[in-house]
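In what follows, a structure is listed as structure tokens, so that the remarks can point back to it.
Numbering (the working numbering), first residue to last: 840 to 998.
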């Protein structure tokens, strides 16, 4: 009995860290630094603690790791809101972390700047031939710059 419990725990822990193969594109709307975060799917001013009250959370340019939009996000109460993802481009042997704050129609979407950072300046080349295939792994929020004390404050499902 103990073995099966341990096995289930290890399996679920392993599955949580598995990399997904996803397409990555960019949208220059995420390069607009002064764009208000009230325009992203994860925004809800009526949920205390979802976004910190400090001014640095009011515009996109201050989302330090970079913005990620993903198709599973449909509203502020989605479980992927404010999740941190490591996106890896194997061919270029590069990875970047991105904070999920918005929804997308298809695949992962980030800013032109972050995609250029990942692809060594080749984002526009990939955009013209189709999306870039990358692996994406959900990682701890500390990877996106949150202090351990802040992590519980940003989880919408714990408010």
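Glycine included, each C-beta is placed from N, C-alpha and C at the ideal position.
The structure displayed is predicted, hence computed values, not measured ones.
* To do: Decide if residue 911 is buried, meaning its Cβ has at least 16 other Cβ atoms within 10 Å, or exposed.
  => Mapped onto the chain shown, residue 911 falls at position 72. Flag for residue 911 reads exposed.
* Asked: How big is the Cα-Cα spacing for residue 902 and residue 951?
  -> Within the chain shown, residue 902 is the residue found at index 63, counting from 1. Within the chain shown, residue 951 is the residue found at index 112, counting from 1. Rounded to whole angstroms, residue 902 to residue 951 spans 15 Å at the Cα level.
* To do: Check residue 857 in the structure and name its three-state DSSP category.
  => Position 18 of the chain shown, counted from the start, is the residue given in the question as residue 857. DSSP places residue 857 in coil when its eight states are reduced to three.
* Quick one, which of 866, 926, 928 and 909 has its alpha-carbon nearest residue 919's? -> Position 80 of the chain shown holds residue 919. Here the closest residue by C-alpha is 909.
* Contact set for residue 936: own chain, Cβ-Cβ below 8 Å, skip 5 residues either direction -> For the purposes of this step, residue 936 is identified with residue 97 of the chain shown, where counting begins at 1. For residue 936, where only same-chain residues beyond five positions count, the Cβ hits under 8 Å are 904, 905, 923, 924, 925, 926, 978, 982 and 983.
* Give the secondary structure of residue 881 by DSSP, where H, G and I count as helix, E and B as strand, and everything else as coil. => As a position in the chain shown, residue 881 is number 42, starting the count at 1. Of the three classes helix, strand and coil, the one that applies to residue 881 here is coil, per DSSP.
* Asked: Out of curiosity, what's the CA-to-CA distance linking residue 928 and residue 883?
  -> If you number the chain shown from 1, residue 928 lands on position 89. If you number the chain shown from 1, residue 883 lands on position 44. Going from the Cα of residue 928 to the Cα of residue 883 covers about 32 Å.
* Asked: In three-state DSSP terms, what is residue 964?
  -> Counting from 1 along the chain shown, the entry for residue 964 is found at position 125. Helix.
* Just list the beta strand (DSSP E) runs in the region 893-938, keeping only unbroken ones of 3 residues or longer that don't cross its boundaries, in chain order. => 906-909 and 922-928
* **Same chain only: Cβ atoms within 6 Å of residue 917, ignoring 5 sequence neighbours per side** => Taking the first residue of the chain shown as position 1, residue 917 is located at position 78. If we look at residue 917 and ignore the five residues flanking it on each side, it has no Cβ neighbours.
* To do: Determine the contact status of residue 861 and residue 965, defining contact as a CB-CB distance below 8 Å.
  => To locate residue 861, count along the chain shown from 1; it is residue 22. To locate residue 965, count along the chain shown from 1; it is residue 126. Cβ atoms of residue 861 and residue 965: not closer than 8 Å.
* **Neighbour-count burial assignment, residue 986, 16 or more Cβ in a 10 Å radius** => Residue 986 sits at position 147 when you count from the first residue of the chain shown. Exposed, because fewer than 16 other Cβ atoms sit within 10 Å of the Cβ of residue 986.
* State yes or no: is the C-beta of residue 971 within less than 8 Å of the C-beta of residue 863? => For the purposes of this step, residue 971 is identified with residue 132 of the chain shown, where counting begins at 1. For the purposes of this step, residue 863 is identified with residue 24 of the chain shown, where counting begins at 1. Yes, these two residues count as a Cβ contact at 8 Å.
* Asked: Measuring CA to CA, which of 969, 968 and 953 is closest to residue 871?
  -> One-based indexing of the chain shown puts residue 871 at position 32. Ranking 969, 968 and 953 by Cα distance to residue 871 puts 953 first.
* Ordered along the chain, which non-local residues of its own chain (more than five positions away) have a Cβ less than 7 Å from that of residue 914? -> To locate residue 914, count along the chain shown from 1; it is residue 75. Cβ neighbours of residue 914 beyond the five flanking positions: 880.
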